[in-house]
Each structure stands twice: as C-alpha cells, then as structure tokens.
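This report refers to the structure that appears directly beneath it.
See below:
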C-alpha cells in the first residue's frame, strides 16, 4: 500500500518489465511525461511503443541485468535520453527532448531468481542546461562572443590528435590587427571594442561552420581550419584580409580604416604539436608584419 | 605482503577462496559470451592481501610497464562489500569500441569520439565487473547492489596513495585476474578490493560453501 503510493507519486519515472520486454508496471510519472497511460502499455511490449530502444546496446544491458543481477546505467552524456519525452517548462525552448539519466536493476522473486527488472528515469534537463551554460561561459570571449583562448588550447589538441589518427590535414591562421593601439588611443576604448566586434563579424561571414574563430589575445585572433590544406587556408586568409581593409568601420560618426596581418601554418602530422603549430603560425605572422602589414604569409 | 595473506586466511581458506574464484570466473566467462557475444578469457585469479597504501605501487608493478591507465572503479555493497577496479592500459578504449560495434554510433548518438570512448569503457567495465562479482556472490549466497561506475584516467607512476581511490589505512584483499578478449588484442586487469570487515563474513561463507560439498 505504502510502496504503491510511492511508486506513483515519486518524481521519477519507474517501470518494470519482464524477460520478454513486456511492461508489467508503469508509474504515473511515466504516463504523464510519455502521454501513454498505464492501462495502454501494461501487458504490451515496450518496443512496440518505443521502437528506438530495440538496439544492441539496450538489449545487451538488459540481458546483463537478468543474467548477473548487476545494475546498468544509461548516462545522459552518451544517450541524451532513453524515452523521448518533451522537455518541461522554459527548458523546452533549449531542448527538443527531456534529458535523462536512466538505470536498470534486477528484481528478484522469493527464490531469489531474477524475473523482472526495473528501469528508473530521472529528468536531468535542468542540470544539463546549467552545464551547457557553464561550458559556454568558460569557452567564450565576453566581448566578441567568439571562442576564447581556453577553448583553443583543448580544441587544438583534439584537432591535431584527429589529424594524426586519421591521416588528415588542418591549417591555422594567426591574425593580428595592425596598429590596434592607435584606434584605442585616437577614438577611445568603446570604439576599439566596436572595431573588434565588427572584425569578428566579418571573419565569421567568411569562414565555414567547421572552422573555429578564437580571440587569442587583445587584438590577436586565431582561426582553426580542419581538413584544410595550406593552399586553401592561404586563399581564405586573403579573403578575410580583404574583408577588413576593403570596408572602413564607422562608430559614433567617426569612420576609420583597419587592416590585419595574417600568418598561415599547416600541420606536419609527423612532428607538430600544439606548441610547434602555434610557433609556426606566429613566425608567419611576424613575417607578414615585417613585410609592411595588411598582408598574408 | 605474503605474510599478510597468511595472517588473514588459513591455507585451507585460501584454497577454497581460490576454488570459488575459479568456478565464478569460469561461469562468468561462459555467460559473458552469451550476453555480449564476445568471448572473454579470464585467467586463473591470483589472491593476495595487501595494505591499502601499498596498492598504487603494487598495481604499477602488476601493470607491467604501462603506467597510464584507464581505471574503472565501482563499489559493491552486500555482506561481501568492497570495490572493483578494472584497469585497461591507455589506448584500449579504441579497440573496445570496435569490439562492441560502436564505431558508427558516435553519429547515432551525436556525440564526439572522446565521449563515446569514455562511455564505452564504462559500459564494458560495468558488465565485466557485474559478471565477476555477480558470480562470486551467487556462489557465496549473497546478493549485492552497486554504485554507478566511475572512470578515472590515471598515471600510476605519478599517483600518490592519497590520490588513489582507496582508503590507505585499510587492508585490501586483492583478487587479480587478467582478461583477454578473443577477437581483439585487449588485456585488462580486474582487482577486487574488499575491506577487512568483509573478511569475517567471507571466512564463514567459504566454510558454508565447502560444507555444501561434504
């Protein structure tokens, strides 16, 4: 009596299935969030209502619980959700589905044999949304909204690793705004900030979705271009350079021209790591500066 | 270390324990083949009692020169309580993904390869640990529950006992087995660390187990 009440009032999804995947119990939480009432689903196959569950990974884990009496876990990180259900309240704007953390455990009869198993479903959408916000905050530059240096370091390690593993290529653009200090000095910091934002917008308009734009330092930027050989990276660098010098920037009635210098580096899969990649790009940038600025090397 | 083993278990008890482990791991091997469709070879378990603080050094020695490891840690709770540590040398996760046919699932799940590798390690670990512990406790007439497994990536040569997920003042009964997947060249080590308070129960359970054959 008491346990039956808990089963139906607890703020978690709970269901019980047998070896044939037939639903034996389905609590009110499951009914409310799935839109499938208990009398509709009890006695029928779980897979007939949730065909996407019928996959090796889910079957393997159920089998393991029946066989060994252990517990299996379906993390939100990998599975996102086990039962497709709408996210609740204001979170519905950011998530197509409720994010779930699920576990499966054995239920034994009087002879200690495992006849049934339970599945519990926990709504972790809110936690995931905080996680996403936190990750975004640690990886984003506040002023321009592009990635920051913190993101670059981990991202570049991953990209270089991927190039080595799959024998692919990648390039890196190191960009510096020419004489940026004079913009701040002549027109004030709000104007300098506006210039940085405008520059980022123009960069973004000229790179692919798979490329990452990073604010590396005050007026230094970096673009990581996966799957891009040096020749193509150089071409993009030229386009990006022209997108800045071709159109002056206007802020609070003042119009001024800005130029950038770009250094291009392409990975050598045999020898490059993060440090050497950055060093190569930095050296190329230095050459571009030396050759009179507003150029690509 | 051998001295500690002798202090904790009599010769007979050690023999029975060894026998229980042999039977349990034999059954686990057979049933794992059925559950995960993969043939796992478990070596004859090797039992030893060691001090918690000596464990990282001991593991490093047992791991035979690959100090960077993936360590899956899971607590089990019953009359027989303790901690299972499943250790794969770093890099094994790539082979395990192939083995579990999850190579193409990164797209299915919409996650990056690192997440898939980590989660595969955890899933494989959970099932292997569950199979071994499940069979041991079944033979000894106990039923255990488990905490969710955790994955730690660790450099054993760098870790000090305080960083290690083991209570350093406790004694550990280390049951070591090497397992190998037949289709892939992946080896791992399973250590079951049980606390001293499980020892009394274990001794009694071993006795009961022996009597059931008399």
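Residue numbers (this note's numbering), protein chains in the order written: chain A, 1 to 297; chain B, 298 to 511. Here a beta-carbon is modelled for each residue, glycine too, at the ideal position from N, C-alpha and C. These numbers come from a predicted model, not from an experiment.
Next on the checklist: For the beta strand (DSSP E) containing residue 222 of chain A, name the first residue and the last one.
Outcome noted: For the purposes of this step, residue 222 of chain A is identified with residue 222 of the first chain, where counting begins at 1. Run containing residue 222 of chain A: 220-226, per the beta strand (DSSP E) assignment.
Checklist entry - Nearest-angstrom Cα distance between residue 268 of chain A and residue 283 of chain A? => result Counting from 1 along the first chain, the entry for residue 268 of chain A is found at position 268. Counting from 1 along the first chain, the entry for residue 283 of chain A is found at position 283. About 15 Å.
Checklist entry - Among A:102, A:56 and A:123, which residue has its Cα nearest to the Cα of residue 396 of chain B? => result In the second chain, counting from the first residue as 1, residue 396 of chain B sits at position 99. Answer by Cα proximity: A:56.
Item to check | Closer than 9 Å at the beta carbon, the chain A residues around residue 319 of chain B | outcome: Taking the first residue of the second chain as position 1, residue 319 of chain B is located at position 22. Residues of chain A passing the Cβ test: none, with the nearest at roughly 18 Å.
Item to check | Reference residue 197 of chain A, options A:64, A:137, A:147 and A:44, closest by Cα | outcome: To locate residue 197 of chain A, count along the first chain from 1; it is residue 197. The shortest Cα separation from residue 197 of chain A among A:64, A:137, A:147 and A:44 belongs to A:147.
Checklist entry - If you check the beta carbons only, do residue 369 of chain B and residue 419 of chain B fall under 8 Å apart? => result Translated into positions along the second chain, residue 369 of chain B becomes position 72. Translated into positions along the second chain, residue 419 of chain B becomes position 122. Result yes, Cβ atoms of residue 369 of chain B and residue 419 of chain B sit closer than 8 Å.
Checklist entry - Taking C-beta to C-beta, are residue 244 of chain B and residue 491 of chain B nearer than 8 Å? => result Residue 244 of chain B lies beyond the residue range present for chain B, which begins at 298 and ends at 511; the question has no answer from this structure.
Checklist entry - Can you name the residues that DSSP bridges to residue 154 of chain A? => result Position 154 of the first chain, counted from the start, is the residue given in the question as residue 154 of chain A. According to DSSP, residue 154 of chain A bridges with nothing at all.
Checklist entry - Using a C-beta cutoff of 8 Å, does residue 67 of chain A count as contacting chain B? => result Within the first chain, numbered from 1, the residue matching residue 67 of chain A stands at position 67. Yes, its Cβ sits closer than 8 Å to a Cβ of chain B.
Next on the checklist: With the cut-off set at 8 Å, would you say residue 70 of chain A and residue 485 of chain B are in Cβ contact?
Outcome noted: One-based indexing of the first chain puts residue 70 of chain A at position 70. One-based indexing of the second chain puts residue 485 of chain B at position 188. No, these two residues do not count as a Cβ contact at 8 Å.
Item to check | Sequence ranges, alpha helix (DSSP H) only - wholly within the region 382-452 of chain B, length at least 4 | outcome: You should have 389-396, 402-406 and 410-436.
Item to check | Rounded distance between the beta-carbons of residue 228 of chain A and residue 244 of chain A, thought under 8 Å | outcome: Mapped onto the first chain, residue 244 of chain A falls at position 244. Mapped onto the first chain, residue 228 of chain A falls at position 228. Actually they are not in contact, since the Cβ atoms of residue 244 of chain A and residue 228 of chain A sit about 20 Å apart, beyond 8 Å.
Next on the checklist: What does the Cβ neighbour count give for residue 94 of chain A, buried or exposed, with the cut at 16 atoms within 10 Å?
Outcome noted: Within the first chain, residue 94 of chain A is the residue found at index 94, counting from 1. Under this definition residue 94 of chain A is an exposed residue.
Checklist entry - Who pairs with residue 17 of chain A in a beta bridge, going by DSSP? => result Your numbering for residue 17 of chain A matches position 17 in the first chain. Residue 17 of chain A pairs with A:23 and A:117.
Checklist entry - For residue 295 of chain A, which residues of its own chain have a beta-carbon under 8 Å away from its beta-carbon, when the five flanking residues on both sides are left out? => result Reading the first chain from its first residue, position 295 is the one you call residue 295 of chain A. Correct list, in chain order: 241, 261, 262 and 288.
Item to check | Beta-carbon proximity check, residue 126 of chain A vs residue 176 of chain A, cutoff 8 Å | outcome: Your numbering for residue 126 of chain A matches position 126 in the first chain. Your numbering for residue 176 of chain A matches position 176 in the first chain. No; because the gap between Cβ atoms is not below 8 Å, this pair is not in contact.
Checklist entry - residue 164 of chain A CB to nearest chain B CB: under 8 Å? => result The residue you call residue 164 of chain A lines up with position 164 of the first chain. No, its Cβ sits nowhere closer than 8 Å to a Cβ of chain B.
Checklist entry - For the 8 Å Cβ check, are there 3 or more pairs between the region 73-81 of chain A and the region 96-108 of chain A? => result yes
Item to check | Cβ contact check for the region 15-24 of chain A and the region 109-124 of chain A: 3 or more pairs under 8 Å | outcome: They touch, by the three-pair rule.
Next on the checklist: Can you tell me which residues form a DSSP beta bridge with residue 173 of chain A?
Outcome noted: For this step, residue 173 of chain A is matched to residue 173 along the first chain. Per DSSP, A:223 and A:264.
Checklist entry - Considering residue 209 of chain A, what are the terminal residues of the beta strand (DSSP E) in which it resides? => result Working through the first chain from its first residue, we reach residue 209 of chain A at position 209. Note, residue 209 of chain A: premise wrong, no beta strand (DSSP E); not H, not E.
Next on the checklist: On a Cα-Cα basis, can you pick out the residue from B:448, B:315 and B:389 that is closest to residue 547 of chain B?
Outcome noted: In the structure displayed, chain B extends from 298 to 511; residue 547 of chain B sits before or after that span and is not available.
Item to check | Endpoints, the alpha helix (DSSP H) within which residue 313 of chain B is located | outcome: In the second chain, residue 313 of chain B corresponds to position 16, counting from 1. Element bounds for residue 313 of chain B: 308-333.
Checklist entry - Any Cβ of chain B within less than 8 Å of the Cβ of residue 64 of chain A? => result Against the first chain, residue 64 of chain A aligns to sequence position 64. Yes - at least one Cβ of chain B is within 8 Å of the one on residue 64 of chain A.
Checklist entry - Is it right to say residue 133 of chain A is buried, meaning 16 or more other beta carbons lie within 10 angstroms of its own, or is it exposed? => result The residue labelled residue 133 of chain A in the question sits at position 133 within the first chain. Exposed, since its Cβ has fewer than 16 Cβ neighbours within 10 Å.
Checklist entry - With a cut-off of 8 Å, does the C-beta of residue 72 of chain A fall near any C-beta of chain B? => result Sequence index remark: in the first chain, residue 72 of chain A carries index 72 (1-based). So, interface residue.
Checklist entry - Nearest to residue 193 of chain A by alpha carbon, out of A:64, A:215, A:8 and A:44? => result Translated into the one-based positions of the first chain, residue 193 of chain A becomes position 193. Residue 193 of chain A has its Cα closest to that of A:215, out of A:64, A:215, A:8 and A:44.
Checklist entry - What is the C-beta distance between residue 106 of chain A and residue 42 of chain A, in whole angstroms, given that I count them as a contact (C-beta under 8 Å)? => result Here residue 106 of chain A corresponds to residue number 106 of the first chain, with the count starting at 1. Here residue 42 of chain A corresponds to residue number 42 of the first chain, with the count starting at 1. About 20 Å separates the Cβ atoms of residue 106 of chain A and residue 42 of chain A, ruling out a contact at the 8 Å cut-off.
Checklist entry - Three-state secondary structure (DSSP) at residue 458 of chain B? => result Residue 458 of chain B sits at position 161 when you count from the first residue of the second chain. Legend: pLDDT at residue 458 of chain B = 49, less than 50; position of this residue unreliable, no value from coordinates given.
Checklist entry - Which of helix, strand or coil does DSSP assign to residue 354 of chain B? => result Residue 354 of chain B sits at position 57 when you count from the first residue of the second chain. Of the three classes helix, strand and coil, the one that applies to residue 354 of chain B here is helix, per DSSP.
Item to check | CA nearest to the CA of residue 376 of chain B, picked from B:428, B:434 and B:317 | outcome: Working through the second chain from its first residue, we reach residue 376 of chain B at position 79. Looking at the Cα atoms, B:434 is the closest of the given residues.
Checklist entry - So does the region 313-322 of chain B actually touch the region 45-55 of chain A, counting three or more Cβ pairs closer than 8 Å? => result no
Checklist entry - If you compare alpha carbons, which of B:409, B:349, B:328 and B:422 is closest to residue 487 of chain B? => result For the purposes of this step, residue 487 of chain B is taken as residue 190 along the second chain, with counting starting at 1. Comparing Cα positions, the closest option is B:422.
Item to check | Burial state of residue 178 of chain A, where buried means 16 or more other Cβ atoms lie within 10 Å | outcome: Counting from 1 along the first chain, the entry for residue 178 of chain A is found at position 178. Residue 178 of chain A should be labelled buried.
Checklist entry - Going by DSSP, what residues sit across from residue 254 of chain A in a beta bridge? => result Counting from 1 along the first chain, the entry for residue 254 of chain A is found at position 254. For residue 254 of chain A, which the question treats as bridged, DSSP gives the partners A:251.
Next on the checklist: Just to confirm my understanding: we take residue 157 of chain A, look at its own chain, exclude 5 residues before and 5 after, and list those with CB closer than 7 Å. What are they?
Outcome noted: Position 157 of the first chain, counted from the start, is the residue given in the question as residue 157 of chain A. For residue 157 of chain A, where only same-chain residues beyond five positions count, the Cβ hits under 7 Å are 274.
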